[in-house]
Structures are given as structure tokens and as C-alpha cells.
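**Q**
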Amino acid sequence: MSTKQKIDRANAPRSNVLTDLQKLLKETNPFAHFDTTRRADITSLARQRRFDKGEFITLHGELWPYLILVTEGTLHAVKESEEGRNLVVLTLTQGDVFWGLSFFDKDSTMPVSLQSVKSGSLVSWSRDDLLPLLIANGEALWSLCGLLVMRMKQASNIVESLAFQPVAGRLANLMLDRYGSTGEDPVARDLTLDTMAAYVGTTREMVCRILYRFSDENLIHITRTEFSIIDQDGLTALAGSSQAE
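Written out as C-alpha cells, the structure reads:
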């Protein structure tokens with residue numbers, strides 16, 4: 002069964018979650034720009050879907066004319082190379098909005114796959130249901146344009162990082178983003194080598210080699226189960242470096 006069929010066959014949100022969904026819509030662009038009556042209409046058009054860890058919501062190359070709102074869990078937008086290497090280009094959590102290219106351009110296919118990394122749920126709207134409402138509301142459509150611009154900036158930052166920042170710098174930046182607020186306190190290793198590699202656009206072998214290097218240089222302490230940052234200033238310097246490996 003295709004992902005389109007799965008969404009088409011999904012049940013509308015049950016009455017006991019409608020109120021929570023309406024509250025979330027009120028706090029989320031572009032839906033926040035609709036009045037209460039129109040948001041209720043949008044809620045009635047939504048389709049709910051639960052997903053398990055590892056499940057694909059849509060695949061690269063599919064026509065997927067939907068806009069989704071994540072209500073629980075975590076999704077990754079993943080780009081895969083011909084060699085089978087993955088690059089995480091976007092992480093979506095509760096309250097994040099995402100759309101397929103064919104939501105706007107009906108003939109455009111997905112440039113990425115959307116995969117769950119933490120089980121949860123989402124609600125979706127088809128192009129035919131939601132786009133007319135957006136077009137009729139200039140403020141809502143403008144706010145969605147703002148989200149488009151933000152995603153373009155994120156994509157530009159990824160391209161710039163891959164082009165000009167060495168892998169060690171990208172990995173240092175990932176660690177600071179993920180663990181920088183924990184100080185030197187050990188935290189559980191919640192990222193596998195494969196996941197780290199997908200975040201920074203390299204191989205698991207390269208990640209492993211750089212982690213050992215960071216450990217030898219007393220930048221981090223790492224075991225099979227725990228991780229801690231020892232020298233945050235040193236990692237910060239690496240994260241801002243453009244020098245070769």
C-alpha cells in the first residue's frame with residue numbers, strides 16, 4: 002500500500018482529541034491566522050495517523066500532495082545518496098509543519114524521504130482540502146511563505162556546511178547543539194554512529210574515528226553508554242573552523 006493510500010484511509014481525529022488539535026492549530030503557523038470557526042473546519046478536514054519508530058511516512062520520488070502537522074514523536078527528512086549514505090536535512094517534532102512539493106506543484110515528487118525516529122502521530126491535509134483555504138486567507142498564506150523561506154535558509158546552511166566545514170567541525174557542532182547545555186555531566190548516548198553520520202553527511206567509520214580523536218584530545222569523554230563534554234571551548238573552536246581535517 003502506498004503512503005498516499007495510508008493517509009487517505011486514515012481515520013479523522015476522534016472527538017476526544019479534537020480540542021487538543023484545535024489548541025495546537027491556534028499556536029501554529031499558518032493555522033494561527035484563521036479564525037475559530039475556520040480552524041474548526043480545518044480540524045474536521047484533518048486525518049490522523051500514528052507511526053512507529055523506523056516507519057516511513059513518504060518516500061523519495063513519490064507524489065505526496067499533503068501538508069502535515071506533527072502532534073507527537075520525531076521525524077527525519079532524509080536524503081539518500083546513490084552509495085546508500087544518508088543525510089538528515091530536517092528534524093520535525095511536535096508542532097512542526099511539513100509539506101510535500103506536490104502540495105504546491107502537483108507534478109513535483111518528494112526530494113527526500115520522511116522517516117520516524119521516535120514513534121508518535123501526525124495530522125495531515127490534502128492539497129485539495131487545504132490549499133483553497135490558504136489561498137482565501139492572505140495572512141495564513143503569507144505565514145506559510147515565511148516557513149518556506151526559513152526552510153530555504155536551513156537548506157542553504159546545510160549546503161554551506163557540507164561545502165566549507167570539515168567533518169570534525171560538523172560533528173563538534175552537532176555535539177554542542179545536542180549536549181552543550183549538559184556541562185561535564187555524563188548523559189546517555191542517544192545517537193548511534195549511523196545517526197551521527199546521517200546528521201553530518203559522512204560515514205559511521207569517519208564518525209567513530211573523529212570521536213576517538215576528540216577523546217584522545219580530552220575534548221570529550223565517551224563510553225559505550227555515556228557521553229560528556231570536557232572541553233566545550235575546544236569543541237566550539239572546532240565547530241567554527243574551516244580548516245581541512
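Numbering (the numbering used here), first residue to last: 2 to 246.
Built from N, CA and C at the ideal position, the CB exists for glycine as well.
Since the structure is predicted, the reported quantities are computational estimates derived from the model, not experimental observations.
Taking 8 angstroms as the cut-off, decide whether the C-beta atoms of LEU131 and LEU68 are in contact.
**A** In the sequence shown, residue 131 corresponds to position 130, counting from 1. In the sequence shown, residue 68 corresponds to position 67, counting from 1. Cβ atoms of LEU131 and LEU68: closer than 8 angstroms.
**Q** For SER45, does the count of other Cβ atoms within 10 angstroms reach 16, so buried, or fall short, so exposed?
**A** Counting from one through the sequence shown, the residue named residue 45 turns up at place 44. Exposed.
**Q** In chain order, what residues of the same chain have a beta carbon less than 7 angstroms from the beta carbon of THR237, not counting five sequence neighbours either side?
**A** The residue given as residue 237 occupies position 236 in the sequence shown. The residues are LEU177.
**Q** For ILE8 and ALA164, what's the separation of their Cα atoms in angstroms?
**A** If you number the sequence shown from 1, residue 8 lands on position 7. If you number the sequence shown from 1, residue 164 lands on position 163. Annotation note: pLDDT 49 at ILE8 (below 50); position unreliable, coordinate value reported separately. Each residue's alpha carbon lies about 37 angstroms from the other.
**Q** Rounded to the nearest angstrom, what separates PHE35 and PRO112 at their Cα positions?
**A** Working through the sequence shown from its first residue, we reach residue 35 at position 34. Working through the sequence shown from its first residue, we reach residue 112 at position 111. Taking the straight line joining both Cα atoms gives about 30 angstroms.
**Q** Roughly how many angstroms separate the alpha carbons of ASP191 and SER82, rounded to a whole number?
**A** For this step, residue 191 is matched to residue 190 along the sequence shown. For this step, residue 82 is matched to residue 81 along the sequence shown. Going by the C-alpha atoms only, they are around 24 angstroms apart.
**Q** State the Cα-Cα distance for the pair LEU88 and LEU135, rounded to the nearest angstrom.
**A** For this step, residue 88 is matched to residue 87 along the sequence shown. For this step, residue 135 is matched to residue 134 along the sequence shown. If I take the Cα positions, the gap works out to 31 angstroms.
**Q** Taking buried to mean at least 16 other C-beta atoms within 10 Å of its own C-beta, is ALA189 buried or exposed?
**A** Stepping through the sequence shown from its first residue, residue 189 is reached at position 188. Classification for ALA189: exposed.
**Q** Taking the alpha carbon of HIS61 as the point to measure from, which residue in LYS80, ALA199 and PHE228 has its own alpha carbon closest?
**A** Start at 1 with the first residue of the sequence shown, and residue 61 comes out as number 60. It is LYS80 whose Cα lies nearest to the Cα of HIS61.
**Q** Measuring CB atoms only, is the stretch 22-37 touching the stretch 89-102, in the sense that at least three cross pairs come out at less than 8 angstroms?
**A** In short, these stretches touch, since the Cβ pair count reaches three.
**Q** Can you look up THR237 in the DSSP assignment and give me helix, strand or coil?
**A** Taking the first residue of the sequence shown as 1, we reach residue 237 at position 236. In this structure, THR237 counts as helix in the three-state DSSP scheme.
**Q** Leaving out five residues before and five after GLY202 in sequence, what residues of the same chain have Cβ atoms less than 6 angstroms from its Cβ?
**A** Position 201 of the sequence shown holds residue 202. Only LEU88 and LEU163 meet the Cβ criterion.
**Q** Can we say the stretch 135-146 touches the stretch 107-124, given the rule of at least three CB pairs closer than 8 angstroms?
**A** No contact exists between the stretch 135-146 and the stretch 107-124.
**Q** Would you call THR72 buried or exposed, if buried means 16 or more other Cβ atoms sit within 10 Å of its Cβ?
**A** On the sequence shown, residue 72 is found 71 positions in, with the first residue counted as 1. Label assigned to THR72: buried.
**Q** Which term fits TYR213, buried or exposed, when burial requires 16 or more other beta carbons within 10 angstroms of its beta carbon?
**A** Taking the first residue of the sequence shown as 1, we reach residue 213 at position 212. The residue in question, TYR213, is exposed, as its Cβ has fewer than 16 Cβ neighbours within 10 Å.
**Q** Rounded to whole angstroms, what is the Cα-Cα separation between MET197 and GLU227?
**A** Residue mapping note: residue 197 aligns to position 196 of the sequence shown, counting from 1. Residue mapping note: residue 227 aligns to position 226 of the sequence shown, counting from 1. For MET197 and GLU227, the distance between alpha carbons rounds to 15 angstroms.
**Q** Quick one: Cα of ARG40 to Cα of MET207, how far?
**A** Start at 1 with the first residue of the sequence shown, and residue 40 comes out as number 39. Start at 1 with the first residue of the sequence shown, and residue 207 comes out as number 206. The alpha-carbon atoms of ARG40 and MET207 are separated by roughly 48 angstroms.
**Q** Find out if the Cβ-Cβ distance for the pair ILE58, LEU115 is shorter than 8 angstroms.
**A** Stepping through the sequence shown from its first residue, residue 58 is reached at position 57. Stepping through the sequence shown from its first residue, residue 115 is reached at position 114. Taking 8 angstroms as the Cβ cut-off, ILE58 and LEU115 qualify as a contacting pair.
**Q** State the CB to CB distance for the pair ALA240 and ALA173, rounded to an integer number of angstroms; the pair is presumed to be in contact (CB under 8 angstroms).
**A** Residue mapping note: residue 240 aligns to position 239 of the sequence shown, counting from 1. Residue mapping note: residue 173 aligns to position 172 of the sequence shown, counting from 1. With a Cβ gap of about 4 angstroms, ALA240 and ALA173 count as contacting.
**Q** Taking only the alpha-carbon atoms, compute the straight-line gap between GLN233 and ASN219 and give it to the nearest angstrom.
**A** Indexing the sequence shown from 1 puts residue 233 at position 232. Indexing the sequence shown from 1 puts residue 219 at position 218. Cα-Cα distance, rounded: 10 angstroms.
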